[in-house]
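Residue numbers (UniProt numbering): 1 to 357.
Taking it in order: structure first as C-alpha cells, then the write-up.
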Amino acid sequence: MTPDYTKVHRRFKLEGFHYNREDLMEVAYSFVKEGYPYQQQLGLFLLDWLDKKDYIKVKTSGSTGKPKTLKIKKQAMVNSAITTGDFFDLTPGKKVLNCLPSNFIAGKMMMVRAIILGLEVDMVVPSALPRIDYEKDYDFCAFTPMQLKNFAKYLKSIKTVIVGGGRVSSHIKELIKDKKPQVYETYGMTETVSHIAVRKLNNFTGDPSDKYFTTLPNVSISTDDRGCLVIDAPKLSETKIVTNDLVEIYADNQFEWIGRIDNVINTGGVKVFPEKIEEQLQDKIPEQFFIHGIEDDTLGYKVVMVIEGKERTLDKTLFKTLEKFEVPKDIIFVRKFKETASGKIHRSKTIASILEA
C-alpha cells in the first residue's frame, strides 16, 4: 500500500531524534524563527509539506529558460521517493546525509524520502565541501558535481551516492573510479520530481549499457519528431513531459543524452552540439567555460568559446580532437559568468552581456 503524503513514518529521524507530524511542525517553526539560513529554508519547506494543501510550489533553476514556479503534487513526490527507495534499497532505519539546499527540488526530495521511507537523516550546511562527521557511516547521499569533486576522498563513509544538477567531468569520474561506494549520475528536472533515470559512474560491470541512463520503474520513454526525449511517468506527472533534450534511445528503458536542442549551433549548414565539444575539452581547460553560437554573416552562426577568467592565449592544439566545424572561431573571456539562483551557468544571459558590452 502506497503511503499518503500526510503520513510521517514512525522510523523517521531528523538529527537523531524521532518526530511525529505534530512534533515536526514545531521543529519547522523553530527552524524558521531561530535557525541558520539553511535550517530556515528547511523549516519553510516542512511547513509547506505539512500544511493541508495537496501540492507545493517549486521554482525551476532557470538554467535552460526563464525560471518559473510549478505546482507539484505532494503524492507525486511520495511516489518518487518510493521509487528511489526501491531502486537503491532505502529501507526504514537507513542513514542518509542531506547537504543540498531545501529551496530546490533535489534538497526537498531528500527530506521527503526520509519522512516517507523512515530514514534517519542528518543535515549539514550546503557548501562546496560539506562539513560532516567523517566517523559516521551513511547509506545514501546526493551531491552536486562540485561537492562530489571536493568530497571524493571521503566517499568511503557513504555506501551509495547520486550526483546531479550539472555535468560530471572526466576529472571527477577519474577521482571516483576506484572508490568502493556506488556513484550514479542522475537525469531529471523539477517537472519530473527529481530524477527519473540514473547511470553508473564507477564500479562498472563491463556491460556496454553501463554508459547509458537507465530509467527507474514506472517510467516510459520515447522521442518526438525533433529527437527530443518524451517522458511518460504517470505516478509523477498527469501528462507526458516533452523535454528539449536530444537523446538516442538504445532500449525500452535506456538512453544516451546528446545535448539541449536549444544549444545546437547550425554553422555553415552543419549542426554542432556544444555539450559534445565541452565534454572533449573539459579536462584540457582549467577554467569554467562553455560553447555557444553567435550570429555570423557568412556561416549563419559561428562557434565561440566563452571562458570565465583572465584573458590568456590558448594553445591551438587543444582543439585537435575536434571536427572542422566544431573548432571555435573566437575565444571570449569574461570576468564572471551570469548564474541562476541555484548556481548554474546561465549561458544566454552571459552571451547577452557580452553582446551588449
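C-beta: ideal position from N, C-alpha, C; glycine also.
From a predicted model like this one, the values you see are computed outputs, not experimental measurements.
Query                                                                                                                                                  : Result
Where Thr298 falls, given that 16 or more other Cβ within 10 Å makes a residue buried                                                                  : exposed
Pick from Ile116, Ser209 and Lys153 that is closest to Tyr134, judged by C-alpha positions                                                             : Lys153
Contact set for Ile277: own chain, Cβ-Cβ below 7 angstroms, skip 5 residues either direction                                                           : Ile291, Leu322 and Glu326
Option nearest Glu287 by Cα separation, candidates Ile331, Asn253, Lys271 and Gly85                                                                    : Ile331
Nearest-angstrom Cβ-Cβ length linking Val58 and Tyr5, presumed shorter than 8 angstroms                                                                : Wrong, their Cβ atoms sit about 14 angstroms apart, outside the cutoff.
Leu97 versus Lys68 - alpha carbon distance                                                                                                             : 28 angstroms
Beta strand (DSSP E) segment containing Phe31, residue limits                                                                                          : Here Phe31 belongs to no beta strand (DSSP E); instead the alpha helix (DSSP H) covers Arg21 to Glu34.
Where Phe325 sits in the DSSP three-state scheme                                                                                                       : helix
Residues that Thr69 bridges to, as DSSP identifies them                                                                                                : Lys59
Coil, strand or helix - Met305 by DSSP                                                                                                                 : strand
Rounded distance between the beta-carbons of Arg113 and Ala76, thought under 8 angstroms                                                               : About 14 angstroms separates the two Cβ atoms, so there is no contact after all.
Three-state class that DSSP yields for Phe102 in the structure shown                                                                                   : One point to set straight first is that residue 102 is Ser, not Phe, in the sequence displayed. In the structure shown, Ser102 sits in coil (DSSP, three-state: anything other than H, G, I, E or B).
Sequence-distant residues of the same chain with beta carbon closer than 6 angstroms to Lys349, five excluded per side                                 : Lys338
Span separating the alpha-carbon of Met1 from that of Gly118                                                                                           : 15 angstroms
Three-state secondary structure (DSSP) of Glu15                                                                                                        : coil
8 angstroms contact criterion, which Lys177 and Leu155 should meet: CB distance rounded                                                                : 11 angstroms between Cβ atoms; not a contact.
Same chain only: Cβ atoms within 6 angstroms of Asp232, ignoring 5 sequence neighbours per side                                                        : Ser220 and Lys240
Separation of Ala106 from Thr223, as counted between CA atoms                                                                                          : 25 angstroms
Start-end ranges of the alpha helix (DSSP H) lying completely within the UniProt domain "AMP-dependent synthetase/ligase" (60-206), minimum 4 residues : 74-88, 105-117, 145-151 and 170-176
Collapsed DSSP secondary structure at Gln254 in the structure displayed                                                                                : strand
Selection from Leu148, Val306, Asp137 and Tyr29 that minimises the alpha carbon distance to Pro126                                                     : Leu148
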